Structure formats: structure tokens, C-alpha cells
Amino acid sequence: MRMIDFGRSFATREKAKRIAKEVPERGSLVIDFGDVVVLSPSFADEFIGRIAAASQDVTLEHLAPELEELMARTVERRGLSTQVRIAALA
Amino acid sequence: MHDLDEDPRGVRRILPLLTVRSFRSETDVERMADELPDLFFDHGLSKSLVQDTATVLAEAANNVVQHAGSAVGGFAVVQQRYMQSQGLRTDYIEIAVADPGRGIAESLGREPADAEAAIIDAVKEGTTSTGDRHRGIGLHELSDLVEGSPGRLLEIHSDHGFYQTGQSIGPDSMTVANRFRGTAVTVVMVA
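Spelled out as C-alpha cells, the structure:
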């Protein structure tokens, strides 16, 4: 799943709900954040909560450094560190 | 592209980035956030500054849409300003989001007289009027964002309550004589 197909900026819970509906329910899921520029904390919180409900094993990859910290904080706040993994940039 | 406003005194110059916008819905908030990357990149501003600016804009505006109960929605502006003193130039990004809604105290079920205390509570992680424990991260995130880096300041004015925080001044609040009917959130960041 490529986030860039939905835009470069993700700012609201409403958008998180909309995109999460398109996430297939499966055991393992890889979400590519390449070329994404903006993630708001509200979007991140809503999105992580919903995809974790849809998949047991989630990998977030190609997050820009300025977005990786936000996602790591969000995953930790949600208590999903064992379920949602952030792949380090190569 | 705009040029920095020419001030004959050479003291303060302003470049509008996101000119004053009104917004009423989360779709409007998404539109504003969509505009920021190109506006910033056209002026040589960094990706991390886009992200931080968008965080302020989105979280403050989302609060307006979800909690303010404002009949006219809210208003937002982003501008770049530089100040020159003794030959040294410092660039800032200024973000302001305001609404004429019910104010923070009322949205948290408090009396208007408790405006100062209500703002302090609203900035704490997890304070929300929605009952969802995962909500209420907005103003707390803004506080973290300004306290985590030098040269940043957050100010919140709602009813008679005023709150400010930054790395150099720390959290401070007061009850002020002038009432802002609604909520105004401003953030200044060194560019």
C-alpha cells in the first residue's frame, strides 16, 4: 500500500478513516510512506489505531526522518510496539 | 511568488505564505495542509519546517472544527517574517489559528471564569471533551513541539485565560483583562 497514492499531506482524522477503509484486512501489511511530506499527530493516531485493528503485523517503511519520530511516538502511545514496526531508512 | 515586504526601516519584513483562510470542516483543513509543501519549498524552507508548521496548523484547526462550535468556523494564516538587528538577520515562521466559538473552558464543561485553568488542562496529554482516551493530543503536541526546540513560542488566548510556553520561558499562564471571545492559538518558530 503506497500512501503517496492518497496525497503528500495527511492532516485529519477524517482522512485517516477514509484511507483506513481501503486497507485490506490481512495478517501482514506493509505501508510505504515514500514521498509523504506532512503527517499530523491526529491523522497518525487515528490511522495507526485503525490499521492495527485490521492487521496483526504492520510495517511502516520509507518514512522521512521528520515523520518517523511522530510515528514512533504514536505507536508507543497506542501500546502497539509489538504489532506495528517502523522500518529504518536504508 | 511574493518578495519580502520592503520596510524602509529595514527592521521587520513579512512574506505571506498561507494568506488568511477561513475553514469550517476537516476537508478545509486538509486543503490548507495540502498547500503548505509547495509554498514552503518555493521559498527554500525545509521539509522539517513544513512538517512542524503543518502540525501546528492542522492540530489547532482540527480543534476548531471539532470543539469550537463556531458558526463561522475559524481563520488561519501562515507567514514568514525576518527581523534584522545590528546586521544579523533571523527568520521566523508565524502561524495563527483563531475562532469566535465557545472557548476552551466551555468546551471542557468549565465556567468561563476558569479559562486560565482550562487552558492549562487542555495542554495536558489526553485532555478531551470527546470521552475517547486517544483524543486530546492536539494542544499537547503543540506544547511538545515548541518546548523541544529553541527559538519557538506557543501562545493560547481564550476568554480571559492566557498561556504561553517555549524552551526558554517554560509554561506560564495568567488571567488577563482583555477577553478573547473564542480561542486564538499562535506559534512562532525560528525558520
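Residue numbers (our numbering), protein chains in the order written: chain A, 3 to 92; chain B, 194 to 384.
Note that the Cβ used here is the ideal one computed from N, Cα and C, for glycine as well.
Because the structure is a prediction, the values reported are computed rather than measured.
Sheet register partners of residue i (DSSP bridge)
{"i": "Ile-288/B", "result": "Val-271/B and Val-380/B"}
{"i": "His-350/B", "result": "Phe-355/B and Ala-377/B"}
{"i": "Pro-209/B", "result": "Gln-272/B"}
{"i": "Ile-6/A", "result": "Answer by DSSP bridge pairing: none, since Ile-6/A is not bridged."}
{"i": "Thr-283/B", "result": "Met-276/B"}
{"i": "Phe-12/A", "result": "Leu-41/A"}
{"i": "Leu-31/A", "result": "Val-60/A"}
{"i": "Met-147/B", "result": "With chain B running from 194 to 384 in the structure shown, residue 147/B is simply not present."}
{"i": "Thr-76/A", "result": "Beta-bridge pairing links Thr-76/A to no other residue."}
{"i": "Ser-366/B", "result": "Tyr-356/B"}
{"i": "Ser-215/B", "result": "Phe-268/B"}
{"i": "Arg-345/B", "result": "Met-382/B"}
Extent of the continuous beta strand (DSSP E) run through residue i
{"i": "Leu-65/A", "result": "Segment: none, Leu-65/A is in no beta strand (DSSP E) and carries neither H nor E."}
{"i": "Arg-87/A", "result": "86-88"}
Listed by chain order, chain B residues near residue i by CB distance under 8 Å
{"i": "Arg-10/A", "result": "Asp-227 and Pro-230"}
Inter-residue CB distance, residue i and residue j (contact presumed, cutoff 8 Å)
{"i": "Val-258/B", "j": "Ser-218/B", "result": "6 Å"}
{"i": "Ala-89/A", "j": "Thr-61/A", "result": "6 Å"}
{"i": "Leu-211/B", "j": "Gln-273/B", "result": "The pair is not a contact, with the Cβ atoms about 10 Å apart (cut-off 8 Å)."}
{"i": "Phe-45/A", "j": "Ala-13/A", "result": "6 Å"}
{"i": "Val-222/B", "j": "Asn-255/B", "result": "6 Å"}
{"i": "Arg-345/B", "j": "Gly-359/B", "result": "5 Å"}
{"i": "Val-290/B", "j": "Ala-253/B", "result": "4 Å"}
{"i": "Ile-297/B", "j": "Thr-376/B", "result": "6 Å"}
{"i": "Ser-336/B", "j": "Asp-292/B", "result": "In fact, because the Cβ distance is near 19 Å, the residues do not count as touching under 8 Å."}
Interface residues of chain A facing residue i [CB-CB closer than 7 Å]
{"i": "Lys-240/B", "result": "Val-39, Ala-66 and Glu-68"}
{"i": "Glu-390/B", "result": "Absent from the structure is residue 390/B, since the part of chain B shown begins at 194 and ends at 384."}
Range covered by the alpha helix (DSSP H) that runs through residue i
{"i": "Leu-242/B", "result": "240-256"}
{"i": "Ala-310/B", "result": "308-316"}
{"i": "Ala-261/B", "result": "Here Ala-261/B belongs to no alpha helix (DSSP H), and DSSP marks it neither H nor E."}
{"i": "His-333/B", "result": "331-340"}
{"i": "Ser-300/B", "result": "296-300"}
Neighbouring residues, chain B, relative to residue i (Cβ below 7 Å)
{"i": "Ala-13/A", "result": "Val-222, Glu-223, Ala-226, Ala-247 and Ala-251"}
Partners in chain A for residue i, counting only beta-carbon separations shorter than 8 Å
{"i": "Val-243/B", "result": "Val-39 and Val-40"}
{"i": "Gly-331/B", "result": "Pro-43 and Ser-44"}
Within chain C, partners of residue i - CB distance below 8 Å
{"i": "Asn-255/B", "result": "Structure shown: chain C not included; protein chains present are A and B."}
Proximal chain A residues relative to residue i, where beta-carbon distance stays under 9 Å
{"i": "Gly-267/B", "result": "In chain order: nothing, as chain A lies at least about 14 Å away."}
{"i": "Glu-219/B", "result": "Ala-13, Thr-14, Arg-15, Glu-16 and Lys-17"}
Residue i beta carbon near the ligand HEM (any heavy atom closer than 7 Å)
{"i": "Lys-23/A", "result": "Among the components of this structure there are no ligands whatsoever, and the ligand HEM is therefore not found."}
(request) Evaluate the contact criterion for the region 297-305 of chain B versus the region 211-230 of chain B: three or more CB pairs, one atom per stretch, below 8 Å. (result) no
(request) Assess, as a yes-or-no matter, whether the region 280-291 of chain B is touched by the region 74-81 of chain A under the definition of 3 or more beta carbon pairs within less than 8 Å. (result) no
(request) Specify whether the region 262-278 of chain B and the region 352-372 of chain B touch according to this definition: at least 3 beta carbon pairs, one from each stretch, less than 8 Å apart. (result) no
(request) May I ask you to verify whether the region 58-73 of chain A touches the region 23-31 of chain A, counting CB pairs closer than 8 Å and requiring at least 3? (result) yes
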